[in-house]
Each structure stands twice: as C-alpha cells, then as structure tokens.
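Q:
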Amino acid sequence: MPPNAANEASNPPLSTKSAQAGGAGTFAPQAFGTPAASASAASGTSLADAQPLSETGPNVAGYHETGRASWYGRFFHGRRTANGERYDMHALTAAHRTLPLGSYVKVTNPANDSSVIVRINDRGPFARGRVIDLSLAAATALHMQRAGTARVQIEGLTQQQAKAERAEMLASNSNDVK
Numbered sequence: 001m002p003p004n005a006a007n008e009a010s011n012p013p014l015s016t017k018s019a020q021a022g023g024a025g026t027f028a029p030q031a032f033g034t035p036a037a038s039a040s041a042a043s044g045t046s047l048a049d050a051q052p053l054s055e056t057g058p059n060v061a062g063y064h065e066t067g068r069a070s071w072y073g074r075f076f077h078g079r080r081t082a083n084g085e086r087y088d089m090h091a092l093t094a095a096h097r098t099l100p101l102g103s104y105v106k107v108t109n110p111a112n113d114s115s116v117i118v119r120i121n122d123r124g125p126f127a128r129g130r131v132i133d134l135s136l137a138a139a140t141a142l143h144m145q146r147a148g149t150a151r152v153q154i155e156g157l158t159q160q161q162a163k164a165e166r167a168e169m170l171a172s173n174s175n176d177v178k
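Just so you know, UniProt numbering puts 29 at position 29 of the sequence shown, and the rest follows in order with no gaps.
(1) Considering only the alpha carbon of each residue, which of 104, 96 and 103 lies closest to residue 233?
(2) Helix or strand or just coil, what does DSSP make of residue 59?
(3) Where does residue 51 land, buried or exposed, given buried means 16+ other C-beta within 10 angstroms?
(4) Can you give the Cα-Cα distance for residue 121 and residue 111, rounded to whole angstroms?
(5) Check whether the region 73-90 and the region 150-170 touch, using three or more Cβ-Cβ pairs below 8 Å as the test.
(6) Exposed or buried, what is residue 74 when buried is set at 16 or more other beta-carbons lying within 10 Å of its beta-carbon?
(7) Between the alpha carbons of residue 69 and residue 98, how many angstroms are there, rounded?
(8) Do you know offhand how far residue 168's Cα is from residue 117's?
(9) Enumerated in chain order, which unbroken segments of the beta strand (DSSP E) with a length of 3 residues or greater are wholly contained in the region 89-169?
(10) What separation, rounded to the nearest whole angstrom, lies between the Cα atoms of residue 113 and residue 87?
(11) Is it buried or exposed, residue 171, if we count other Cβ atoms within 10 angstroms and call 16 or more buried?
(12) Whole-angstrom Cβ separation of residue 150 and residue 109, contact assumed at under 8 Å?
Printed below as a string of structure tokens:
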C-alpha cells in the first residue's frame, strides 16, 4: 500500500533507536568470552536427548494405501535410481510415485499375510494400475515373485519404527534357521 498521511500517522516509521529503546524483548551486544544463551538451555533440553542424524529422515507414518504391486529385477540391476544410488535387486527397496525418497514403508500381502519393510529409493511404477514397484528381494519376501503382481497394503513408518520392525524381522528369520 503506498504511504499516505493516514497510514503514517497510525504507523510511525521504524528506526534503530526505537528498537534499541524497546526494553525486555530487545537484543544487546554480547560481551567477548561469555557463552551464548541458547533456546535449548532455556527450555531445559540437552544434546544427550537428541536423536542421531542417521535416524532422521522422512516421516510417512500416517500414510496408507492399497493397490497392486509389481517388481523389477535383472534388467534394472546396477542402474541408477532416482536418489542416485545403484539399484540392487537383492536389497529391500521399492519405487513409489509420490512418497519421499528415503522413507520406509511396510508392504503386506493380504493373500498370505506376509509383510516386508522397504526403503523408497526410486520413482515408479510407470505401469497403469500399479501403486508400488518392489525389488526382487521384497517380492520374494511377499511370495509374489512368480505371479509378478499382487494386491498389497502399504503402511508408512517413521525411521525408528522401520528400524525396530527390521530388527524384529531379522530376529524372527534367525529363529527360523535354527
């Protein structure tokens, strides 16, 4: 809005002097050698309570989808994925159109009640009627590699949930080997 007499009377122009004379909410120069007052010190939180950086990532915990899954394998093995890494058909990964790269989802095959945790590292599927493209390893875990496609349920996970679910899955697999 262009300045006019009415605006200038109700809203006086700001200046550095008026900001310095403001009082409690103002800032003053910090003396050399004194520690800076941080927001975490004022709130009582500690760096010891912080989560490691490696566990941070997209949180898609509220995401749910049901649809048809397919898998891709040998032809794409070794090619670059959307996030820049090389596709490994023996890793538990998947391609999704919209989920953030690096997020984790639990994919369940309701026909046989098998499930697997996969990391989204690529974009796709590009075939009509499909909601997710799984790696060969993930398709094998869901017992759908022979059929090629299956109806699945996708449930988004936090990074911590994915880590816990994968540890549980590895523990149950090691119990099956004995």
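Where a beta carbon is used, it is the ideal one built from N, C-alpha and C, also for glycine.
What you are looking at is a predicted structure, and each value in this text was computed from that prediction instead of being measured.
A: The relevant details are as follows:
(1) The chain is shown from 1 up to 178; residue 233 falls before or after that span and cannot be answered.
(2) coil
(3) Low confidence applies to residue 51: its pLDDT is 49, below 50, so where it sits in the model is not reliable enough to give any reading.
(4) 26 Å
(5) no
(6) exposed
(7) 15 Å
(8) 11 Å
(9) 93-95, 104-109, 114-122, 130-134 and 149-157
(10) 27 Å
(11) exposed
(12) 5 Å
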